[in-house]
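Trainee:
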Amino acid sequence: MKFSGSHILSVEQFERADIERIFAVADSMEPYALRQKVTRVLEGAILGNMFFEPSTRTRVSFGCAFNLLGGEVRETTGFKSSAIAKGESLYDTARVLSGYSDVICMRHPQEGSVAEFAQASRVPVINGGDGANEHPSQALLDLYTIQKELRDKGRSLDGLRIAMIGDLKHGRTVHSLMRLLGLFTNLQVVLVSPEELAMPEEYVELLRGLGHRVDVSSDLANSIGHVDIVYSTRIQEERFGSKEEADLYRGRFRLNQAIYTQFCEPNTVIMHPLPRDSRSDANELDNDLNQNPNLAIFRQTDNGILVRMALFALILDVADQVDKFSRPVNWYHSRTF
Ligand code: NCD
1 MKFSGSHILS
11 VEQFERADIE
21 RIFAVADSME
31 PYALRQKVTR
41 VLEGAILGNM
51 FFEPSTRTRV
61 SFGCAFNLLG
71 GEVRETTGFK
81 SSAIAKGESL
91 YDTARVLSGY
101 SDVICMRHPQ
111 EGSVAEFAQA
121 SRVPVINGGD
131 GANEHPSQAL
141 LDLYTIQKEL
151 RDKGRSLDGL
161 RIAMIGDLKH
171 GRTVHSLMRL
181 LGLFTNLQVV
191 LVSPEELAMP
201 EEYVELLRGL
211 GHRVDVSSDL
221 ANSIGHVDIV
231 YSTRIQEERF
241 GSKEEADLYR
251 GRFRLNQAIY
261 TQFCEPNTVI
271 MHPLPRDSRS
281 DANELDNDLN
291 QNPNLAIFRQ
301 TDNGILVRMA
311 LFALILDVAD
321 QVDKFSRPVN
331 WYHSRTF
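Residue numbers (my numbering): 1 to 337.
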């Protein structure tokens, strides 16, 4: 695809070569994320960060990624503090805000809303999550993480074995990840959820149609024994009619160190898009896994900075100039990956 000036709305836009390009640029961002160098390549550029749903990682890491490239960030969070609460349409909001920014990241509870906004926008728009539909940058950082974790173990994305666990019906991260995985070969995917929260058929059919093996299960222990990656997810409470309805499913699939030791192959990588729900009635990934070196959840969040820097650099067409505008850092730093 042509990155420069493009919206990033769905992972359907990408071919395998695009993924490789994004990952190569992400690798090249490491010295900046590690504070070994700073770059001012986006000096003067403004990111409009518009988050109409709760977010910690996605919002802050998009902002930090833009700052690390030398740009400035302006934010609005929640409906209440925006003119949408006064009845302004997405169209008008897009026309206005795209006059203020060079690129916009947006999260919104309604499926398709970010694409609608992008149609009216005068600058590129990145989908930071639209309802239960898609979350392209998360899927990219997940795939980037999987690739790095497997590389250390002498494996590649082709031939990947992965179990996805939890609320697969509403989880936009797993929807985008399923689509992206379709670009690789010879996969074995196990989908573990309560029957009512199963992965929508279109994603299952997509992978099966491409010749991959997809198994569906509601039994955690018997599904995690022969996989490279266990990808756990949160019950998406905000997509249910009531908290009580979400409570029916919360805590159904809990992974802790004892279960990991008993059922997983040694060195199975544990992932989660986060936030993990650490309340006692949920606790899908127990804190006793924190010392497990195969817990990759904070490597995922670190990798998110690299991938989001890469997206900005490609969309704003500066990927080849980042080093030209760089200098050493002045301050004390001790960051590692
Ligand atoms: C996810 C999301 O918002 O879809 N969070 C994130 O962006 N890392 C997953 C979730 O909220 O459960």
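In this text, a Cβ means the ideal position worked out from N, Cα and C, and glycines have one as well.
Bear in mind that the values here come from a model prediction, so they are computed numbers and not experimental data.
Which one or two residues does DSSP pair with Tyr328 in a beta bridge?
Mentor: Correcting the residue type first, residue 328 is Pro in the shown sequence and not Tyr. According to DSSP, Pro328 bridges with Lys37.
Trainee: For my contact list, Glu196 and Arg234 are in at a C-beta cut-off of 8 angstroms; report their separation, rounded to the angstrom.
Mentor: Actually they do not touch by this definition, with Cβ atoms about 16 angstroms apart.
Trainee: Nearest-angstrom Cα distance between Gly182 and Lys80?
Mentor: 39 angstroms
Trainee: Three-state secondary structure (DSSP) at Arg161?
Mentor: strand
Trainee: Using DSSP with H/G/I as helix, E/B as strand and the rest coil, what is Cys264?
Mentor: coil
Trainee: Using 8 angstroms as the threshold, is the C-beta distance between Asn292 and Tyr260 below it?
Mentor: yes
Trainee: CB of Leu285 to nearest heavy atom of the ligand NCD: below 7 angstroms?
Mentor: No, Cβ of Leu285 sits at least 7 angstroms from all heavy atoms of the ligand NCD.
Trainee: Measure the alpha-carbon distance for Leu47 versus Ile315 and round it to whole angstroms.
Mentor: 12 angstroms
Trainee: So which of Ala65, Ile162, Pro54 and Lys2 has the shortest CA-CA distance to Val41?
Mentor: Ala65
Trainee: So within the region 270-331, which uninterrupted beta strand (DSSP E) runs reach at least 3 residues, ignoring any that extend past its ends?
Mentor: 326-328
Trainee: Looking only at its own chain, which residues have a Cβ that is under 6 angstroms from the Cβ of Glu75, when we skip the five neighbours before and after it?
Mentor: Asn49
Trainee: Where does Ser113 fall in DSSP's three states?
Mentor: helix
Trainee: Going residue by residue through the region 86-141, where are the continuous alpha helix (DSSP H) segments of at least 4 residues, counting only ones entirely within it?
Mentor: 90-97 and 113-120
Trainee: I need the straight-line Cα distance from Val174 to Ala139, nearest angstrom please.
Mentor: 8 angstroms
Trainee: Measuring only the C-alpha atoms, how far is Pro189 from Glu201?
Mentor: It is Val, not Pro, that sits at residue 189 in the sequence shown. Rounded to the nearest whole angstrom, the C-alpha separation of Val189 and Glu201 is 14 angstroms.
Trainee: Specify, as a first and last residue, the run of the beta strand (DSSP E) that Asp215 falls within.
Mentor: Arg213 to Ser217
Trainee: Determine whether the beta carbon atoms of Ala310 and Val25 lie at a separation below 8 angstroms.
Mentor: yes
Trainee: Quick one: is Gly70 buried, meaning 16 or more other Cβ sit within 10 Å of its Cβ, or exposed?
Mentor: By the 16-neighbour rule on beta-carbons within 10 angstroms, Gly70 is buried.
Trainee: Check whether the Cβ atoms of Val307 and Tyr144 lie closer than 8 angstroms to each other.
Mentor: yes
Trainee: Quick one, which of Asp302, Ser232, Pro109 and Ala83 has its alpha-carbon nearest Ala282's?
Mentor: Ser232
Trainee: Grouping DSSP H, G and I as helix and E and B as strand, with all else coil, what is Tyr231?
Mentor: It is a strand residue.
Trainee: Is any heavy atom in the ligand NCD found nearer than 7 angstroms to the beta carbon of Thr173?
Mentor: yes
Trainee: Hey, how far is the Cα of Lys86 from the Cα of Asp92?
Mentor: 12 angstroms
Trainee: Rounded to whole angstroms, what's the CA-CA distance from Ile305 to Gln36? Just pull it up for me.
Mentor: If I take the Cα positions, the gap works out to 15 angstroms.
Trainee: Measure the C-alpha to C-alpha separation of Ile19 and Ser101 and round it to an integer number of angstroms.
Mentor: 26 angstroms
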